[in-house]
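What follows is one structure encoded as structure tokens, with my remarks underneath.
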Amino acid sequence: MPTVTMTVNGMERSGNVEGRTLLVEFLREHLGLTGTHVGCDTSQCGACVVHVNGTSVKSCTSLAAQADGAEVTTIEGLANGSDLHPMQEAFREHHGLQCGFCTPGMVMSAVDLANQNSDPSEHEVREWLEGNLCRCTGYHNIVKAVQAGAKAMGGGS
Amino acid sequence: MSANGSGIGASVKRKEDTRFLTGRGRYTDDINLPGQLYGYILRSPVAHADIGGIDTSAAAAAPGVHAIFTGSDMEGVGGIPTGWLIHSKDGEPMVEPGHPALALGKVRYVGDCVAIVVAETREQAKEAANLIDVDYQELPAVASIEAAEAEGAAQVFDEAPGNVCYDWEVGDRAATDAAFDEATHVVSIDVVNNRLIPNAIEPRAAIANYDPATGDYTLYTTSQNPHLIRLLLGAFVLGLPEHKLRIVAPDVGGGFGSKIPHYAEEAILTWTAGQLGRPVKWTCERIDAFKSDTHGRDHISTARLALDADGKFLGLHVSTKANLGAYLSTFATCVPTYLYGILFAGPYTTPAVYCEVKSFFTNTVPVDALRGAGRPEATYLLERLVEKAAVELGMDRVEIRRKNFIREFPYQTPVALQYDQGDYDATLDLALKASDWAGFEARRAESAARGKCRGIGISTFIEACGIAPSAVVGSLGARAGLYESGSVRVHPTGSVSVFTGTHSHGQGHETTFAQIVSDMLGVDFEAVDVVHGDSAKIPFGMGTYGSRSLAVGGTAIYLAVEKVIEKGKKIAAHLLEASVEDIEFENGSFTVAGTDRSKSLGEVALTAYVPHNYPEGLEPGLEETAFYDPLNFTFPAGTHVAEVEVDPETGEVEVVAVTGADDVGRIINPMIVDGQLHGGLAHGIGQALLEECLYQDDGQLQTGSYLDYTMPRAADLPSFNINHNTTLCTHNPLGVKGVGEVGSIGVPPAVINAVIDALRPLGVNDMAMPATSQKVWQAIQQAQG
Ligand code: FES
Ligand code: FES
Numbered sequence: 003m004p005t006v007t008m009t010v011n012g013m014e015r016s017g018n019v020e021g022r023t024l025l026v027e028f029l030r031e032h033l034g035l036t037g038t039h040v041g042c043d044t045s046q047c048g049a050c051v052v053h054v055n056g057t058s059v060k061s062c063t064s065l066a067a068q069a070d071g072a073e074v075t076t077i078e079g080l081a082n083g084s085d086l087h088p089m090q091e092a093f094r095e096h097h098g099l100q101c102g103f104c105t106p107g108m109v110m111s112a113v114d115l116a117n118q119n120s121d122p123s124e125h126e127v128r129e130w131l132e133g134n135l136c137r138c139t140g141y142h143n144i145v146k147a148v149q150a151g152a153k154a155m156g157g158g159s
Numbered sequence: 046m047s048a049n050g051s052g053i054g055a056s057v058k059r060k061e062d063t064r065f066l067t068g069r070g071r072y073t074d075d076i077n078l079p080g081q082l083y084g085y086i087l088r089s090p091v092a093h094a095d096i097g098g099i100d101t102s103a104a105a106a107a108p109g110v111h112a113i114f115t116g117s118d119m120e121g122v123g124g125i126p127t128g129w130l131i132h133s134k135d136g137e138p139m140v141e142p143g144h145p146a147l148a149l150g151k152v153r154y155v156g157d158c159v160a161i162v163v164a165e166t167r168e169q170a171k172e173a174a175n176l177i178d179v180d181y182q183e184l185p186a187v188a189s190i191e192a193a194e195a196e197g198a199a200q201v202f203d204e205a206p207g208n209v210c211y212d213w214e215v216g217d218r219a220a221t222d223a224a225f226d227e228a229t230h231v232v233s234i235d236v237v238n239n240r241l242i243p244n245a246i247e248p249r250a251a252i253a254n255y256d257p258a259t260g261d262y263t264l265y266t267t268s269q270n271p272h273l274i275r276l277l278l279g280a281f282v283l284g285l286p287e288h289k290l291r292i293v294a295p296d297v298g299g300g301f302g303s304k305i306p307h308y309a310e311e312a313i314l315t316w317t318a319g320q321l322g323r324p325v326k327w328t329c330e331r332i333d334a335f336k337s338d339t340h341g342r343d344h345i346s347t348a349r350l351a352l353d354a355d356g357k358f359l360g361l362h363v364s365t366k367a368n369l370g371a372y373l374s375t376f377a378t379c380v381p382t383y384l385y386g387i388l389f390a391g392p393y394t395t396p397a398v399y400c401e402v403k404s405f406f407t408n409t410v411p412v413d414a415l416r417g418a419g420r421p422e423a424t425y426l427l428e429r430l431v432e433k434a435a436v437e438l439g440m441d442r443v444e445i446r447r448k449n450f451i452r453e454f455p456y457q458t459p460v461a462l463q464y465d466q467g468d469y470d471a472t473l474d475l476a477l478k479a480s481d482w483a484g485f486e487a488r489r490a491e492s493a494a495r496g497k498c499r500g501i502g503i504s505t506f507i508e509a510c511g512i513a514p515s516a517v518v519g520s521l522g523a524r525a526g527l528y529e530s531g532s533v534r535v536h537p538t539g540s541v542s543v544f545t546g547t548h549s550h551g552q553g554h555e556t557t558f559a560q561i562v563s564d565m566l567g568v569d570f571e572a573v574d575v576v577h578g579d580s581a582k583i584p585f586g587m588g589t590y591g592s593r594s595l596a597v598g599g600t601a602i603y604l605a606v607e608k609v610i611e612k613g614k615k616i617a618a619h620l621l622e623a624s625v626e627d628i629e630f631e632n633g634s635f636t637v638a639g640t641d642r643s644k645s646l647g648e649v650a651l652t653a654y655v656p657h658n659y660p661e662g663l664e665p666g667l668e669e670t671a672f673y674d675p676l677n678f679t680f681p682a683g684t685h686v687a688e689v690e691v692d693p694e695t696g697e698v699e700v701v702a703v704t705g706a707d708d709v710g711r712i713i714n715p716m717i718v719d720g721q722l723h724g725g726l727a728h729g730i731g732q733a734l735l736e737e738c739l740y741q742d743d744g745q746l747q748t749g750s751y752l753d754y755t756m757p758r759a760a761d762l763p764s765f766n767i768n769h770n771t772t773l774c775t776h777n778p779l780g781v782k783g784v785g786e787v788g789s790i791g792v793p794p795a796v797i798n799a800v801i802d803a804l805r806p807l808g809v810n811d812m813a814m815p816a817t818s819q820k821v822w823q824a825i826q827q828a829q830g
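Protein sequence lines correspond, in order, to chains Z and U. For the first sequence, the numbering used here assigns the number 3 to the initial residue and increments by one for each residue that follows. For the second sequence, the numbering used here assigns the number 46 to the initial residue and increments by one for each residue that follows.
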């Protein structure tokens, strides 16, 4: 089995994986980082979004081998110690989560948007979240949270 | 009750959020047990077949495989039970066929469980399952109500002729017929309530363990009601006593009704773990969730409304056919009956109401509760019919509703319910104002100038939540009580653990319940934690559904806190050398009335656990449990207004505004309440415009993935305009009613009424859900001839 090595949340991690092992399986099952979720098998729900080299990626559709040598950030790596990341803080402040299952993917996806656009309009946020399903919130508060989080980030993570 | 910064009425930020936001939630699939094996459930690819034989030899020899079990292995195990016995019009009990956890001799829907393969890894289990050779001898299938009731239709069960499970009724038929005899106008409507797939974003999962040394079983499962699962799985399926069966529903990623039922997989996993003496884990893939999570709704109805010359409702007659799917799921039978037929008075004074419901078995996934469960179906029918009546009689659609509102409370409906309180005019007025109903024609003209058809729709509705006195539901066929337990443990140093039998899977109970307790006890919000979801920790519980958690579970907690205070008064009286009657409790202090002599709750708690100086005869400790059996349903009510813009060229419907004016009783946490409303509205708009579960005639699921089943996405929805007018529930001490289902109950008819309003100038007078662009475009083409 090939070995993959990547920097996950700032730490170098390696593992032996099969060629077909998905990045999300590597994160959840090999590294025990269960904050990244799996909600579907057709790349539709976005519960699995992580950052690979700074951009959001659906970890259910990329192979672990593809991330060999990459910088990977998962939801576990976003906060600075016990200080929540501004996007996490915004989700909390605006009640942008209920059951929390879509949340890691939503937050990671939102951070990527905010990195590109520090003041997204409601319309831009709604369009950006095309690949993230939430069944609980009706998106209303997620949209508010993403806008506030993007502002708080001030154009950088 | 004092209003403090984190008490009742404050939008406190949620306790649960930090763990969810940092990836530290603990959902079932996040749990791994030492030595665990993985189970894969082989499902039927055909809708109806005799199983001629199952050859597992190749699979058993595959790498990593530990065991394979099929229906015959589990033959001695009880079937999956159903929770509610319905009686037909003629007094006969419903037909209640067996439901083996693993199919025995026959499969009855695509997705039916056929075998479990247990292997070292997930992949090995799945690959081995592909090697199982099942001899399916296909039979004709019935995949819809129409097919099930057709002459000569295939039989899902031999014991259910015509595929009928029951033929039920509620209300006074003769009185209703008499009302129609007197009527000046009769308006009728045919509606279909589309079949939906719940699609909580967390797929179901379970991990079962058996400890041969103690005989203890543990099942972690994605459930809304762990104690109910313990009852059904233990007492009915596996024959295990409660003290040997622990059910844990940890963090659960949404339920919406689909995680109420006791599923076959829970029984299969637990039994398999017992056979192997090792933990077995199973996680449903989304593709299997589509064909194995219970589905929702699926009604065909025809209804007539009798009116006098002034538009007063005289009588309502409803005939409904409901699809129950291939087996009777836990609450399947009561959803289209006692959660549906008894809603037909709505907010109106209609003196005579009659509803009959015939429910059918089909070769489809079992149908059970889905957000609203029965009440959205009733509300949709009623509000479409009332709207149609206004149009046919040439009346204003707001005035026809107002003319018929109930204004005297308590109000006894002709279909069994007694409404305790409400103010339907107030929510209507609020909604009209907040939606700028009066300014609509100007907006319509503005849209028309851009070539768009704009429409506005309204629905005024009630719901019945917090079901219901146990004795009442028992007399109607429920096989369980519907009370709730709450325990409050004040620790020696004054912090508090609260134990509730309800389950939070997004609703924020850990916050709301802590607010109530912190407020009542005068304890810091941070010093109160709420524990739920584990049958080993919580005395008992019926779980979370039907917007019951606060009204029933919250009340149990309230009563437990009152008991704590009562006991605390005895301890304080002793310490203060006063009589118990003179002790008052406020803001965390026990005070001798009229003096400044007091003891804090912390001092009293410490004394309770270090009882050196203590009242004679009083038990040490400061912990109380209350079981609360509700006195009545609660009746949230409201008005929803939807405004849509239709592109007549493409048929595309855009929801441009949604306004809710809701009376959900006392609000503990406004932020959470509004969030619940948003979620319900999105679900309701999804039903109205996007979502539809379709089967082919042969019982193959056509909408079996997110590529075929349209979930509402952020760009499909507007922001919501939420407003409140509160009347308090009169029969629980907090005055609370319930909020989780409001949106999905109230909004679908408002959306469809708006779509029809938009299209009426083009000659379109009817529209079925979901109003997809294709359907709307076709309707326009047809109307234009
Ligand atoms: S798990 Fe659904 S998109 Fe990745
Ligand atoms: S918060 Fe539950 S799916 Fe989004």
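Every residue gets a Cβ at the ideal spot worked out from N, C-alpha and C, and that includes glycine.
Residue closest to residue i, alpha-carbon to alpha-carbon, out of the options
i	options	result
A493 (chain U)	U:A198, U:G341 and U:L807	U:L807
S303 (chain U)	U:D641, U:T375 and U:A224	U:T375
H39 (chain Z)	Z:A116, Z:C104, Z:M89 and Z:L24	Z:C104
V691 (chain U)	U:V800, U:P145, U:S133 and U:L321	U:V800
A198 (chain U)	U:V187, U:E204 and U:A173	U:V187
L388 (chain U)	U:E428, U:E626, U:A377 and U:V297	U:E428
H53 (chain Z)	Z:A112, Z:P88, Z:G102 and Z:D85	Z:A112
T755 (chain U)	U:L735, U:H769, U:D742 and U:A803	U:L735
G639 (chain U)	U:I53, U:G633 and U:I628	U:I628
T378 (chain U)	U:L521, U:T424, U:A490 and U:A280	U:L521
S750 (chain U)	U:L739, U:D743 and U:A760	U:L739
Y385 (chain U)	U:A596, U:R249, U:N238 and U:R420	U:R420
Chain Z residues whose Cβ lies nearer than 8 Å to that of residue i
i	result
F765 (chain U)	G140 and H142
A245 (chain U)	C101, F103 and R137
Y72 (chain U)	T36, H39 and F103
I717 (chain U)	H97
Contacts that residue i makes with chain U (C-beta to C-beta distance below 7 Å)
i	result
F93 (chain Z)	L66
N78 (chain Z)	Reading off the sequence, residue 78 (chain Z) comes out as Glu, not Asn. Those within 7 Å of E78 (chain Z) in chain U are T67 and G68.
A81 (chain Z)	T67
Proximal residues of chain U, C-beta to C-beta of residue i below 9 Å
i	result
Q68 (chain Z)	Within chain U, no residue comes near Q68 (chain Z); the closest Cβ sits about 19 Å away, beyond 9 Å.
Q90 (chain Z)	D62, T63, L66 and T67
Those residues which DSSP pairs with residue i across a bridge
i	result
G341 (chain U)	U:L241
H362 (chain U)	U:R349 and U:Y399
E629 (chain U)	U:T636
N82 (chain Z)	Z:D85
N810 (chain U)	DSSP output for N810 (chain U) lists no bridge partner at all.
V698 (chain U)	U:V691
Q182 (chain U)	U:D95
Contacts that residue i makes with chain Z (C-beta to C-beta distance below 7 Å)
i	result
H723 (chain U)	T139, G140, H142 and N143
**Message:** If we require 4 or more residues per run, which alpha helix (DSSP H) segments fall completely within the segment 192–276 of chain U?
**Reply:** 218–227 and 271–275
**Item:** Sequence ranges, alpha helix (DSSP H) only - wholly within the segment 455–492 of chain U, length at least 4
**Value:** 469–479
**Message:** Closer than 8 Å between beta carbons: that is the criterion. Which residues of the segment 99–122 of chain Z meet it against chain U?
**Reply:** L99, Q100, C101, G102, F103, C104, T105, P106 and V109
**Prompt:** Of all the alpha helix (DSSP H) runs that stay within the bounds of the segment 501–563 of chain U, which reach a length of 4 or more residues?
**Reply:** 515–520
**Asked** What residues from the segment 734–767 of chain U come within 9 Å of chain Z, judged by C-beta to C-beta, listed N to C?
**Response** S750, Y751, L752, M756, P757, R758, A759, A760, D761, L762, P763, S764, F765 and I767
**Prompt:** In the segment 331–350 of chain U, which residues sit with their C-beta less than 7 Å from some C-beta in chain Z, listed in chain order?
**Reply:** R331 and I332
**Message:** At a CB distance below 9 Å, what residues from the segment 238–264 of chain U approach chain Z? Give them in sequence order.
**Reply:** P243, N244, A245, I246, E247 and P248
**chain A contacts from the segment 43–71 of chain Z (Cβ-Cβ distance under 8 Å)** = Protein chains in the displayed structure are Z and U, and chain A is not among them.
**Prompt:** Can you list the beta strand (DSSP E) stretches of 3 or more residues lying completely in the segment 366–432 of chain U, in chain order?
**Reply:** 397–406
**Item:** Continuous beta strand (DSSP E) assignments of at least 3 residues falling wholly in the segment 758–814 of chain U
**Value:** 765–769
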